[in-house]
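Sequence positions in the sequence shown follow our numbering and run 16 to 183. Just so you know, even glycine gets a beta-carbon here, dropped at the ideal spot from N, CA and C.
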Amino acid sequence: MSLPILAGQPAGFNWDNWARALNESPCNWFSDGQWQQLLGTDRHATASTSNSATSCKFSNSAQTPLLTISIRSQANATAINAERDAMLQQISQYGSGRFEQLPTSQQAVSAILRKDKLQLFIFANNNNETAFILLSAHPVRTESPQQKAQRKTRLLHVAEAIFSQFQF
């Protein structure tokens with residue numbers, strides 16, 4: 016089910032909460048103990064920053080990627096709106112085949128899961144934003160269906176915690 020994107024600021028949208036998420040490294044969104052619980056394993060976090068992204072990559076002790084969270088920015092909101100709207104249009108037109116919109120309690124964001132790549136895009140429900148959040152579960156083509164399901168479960172578990180933490 017697709018939720019409409021409002022031209023202005025929806026009732027659940029809070030710029031302070033959105034800014035709190037975007038102005039901090041994703042590595043710092045939760046305490047070490049919380050990350051341990053969310054990821055379900057020992058992990059190593061690597062932070063990185065570039066002109067267009069701030070990221071945190073979580074790996075296990077064997078250096079296998081578990082999850083990467085990136086805050087990505089664009090020069091203007093038009094490109095981000097176009098990307099979000101194209102995904103929502105595909106959901107509206109074709110159903111939840113490739114993309115699936117996830118519900119959020121405050122409806123402050125559009126959370127869109129790209130199923131084949133296990134990527135979750137989190138867009139502010141505001142047409143003036145120049146950044147979005149991207150979570151990637153790093154699926155491996157040769158993994159078993161159970162391993163891929165475990166990656167998806169981890170991704171969705173972390174996403175729910177993010178939605179709760181920032182009241183999205």
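May I ask you to report which of helix, strand or coil DSSP gives Phe-178?
Of the three classes helix, strand and coil, the one that applies to Phe-178 here is helix, per DSSP.
DSSP-derived helix/strand/coil call for Gln-134:
DSSP places Gln-134 in strand when its eight states are reduced to three.
Give a yes or no on contact between the segment 103 to 111 and the segment 157 to 171, applying the rule of three or more CB pairs nearer than 8 Å.
Between the segment 103 to 111 and the segment 157 to 171, the count of C-beta pairs closer than 8 Å stays below three; the two stretches do not touch.
Span of the beta strand (DSSP E) around Glu-98:
Per DSSP, Glu-98 belongs to no beta strand (DSSP E); it is in the alpha helix (DSSP H), 92 to 109.
So, with DSSP's three-state summary, where would you put Arg-35?
Helix.
Let's test the definition: count the other Cβ atoms within 10 Å of the Cβ of Asn-43 and tell me whether it reaches 16, buried, or not, exposed.
Flag for Asn-43 reads exposed.
For Ala-94, count the other beta carbons within 10 Å of its own beta carbon; 16 or more makes it buried, fewer makes it exposed. Which is it?
Exposed: under 16 other Cβ atoms inside 10 Å.
What do you reckon, is the C-beta of Gln-89 under 8 Å from a heavy atom of the ligand GTP?
This structure lacks the ligand GTP, and indeed carries no ligand of any kind.
The beta strand (DSSP E) with Gln-116 in it runs from where to where?
Start and end: 114 to 117.
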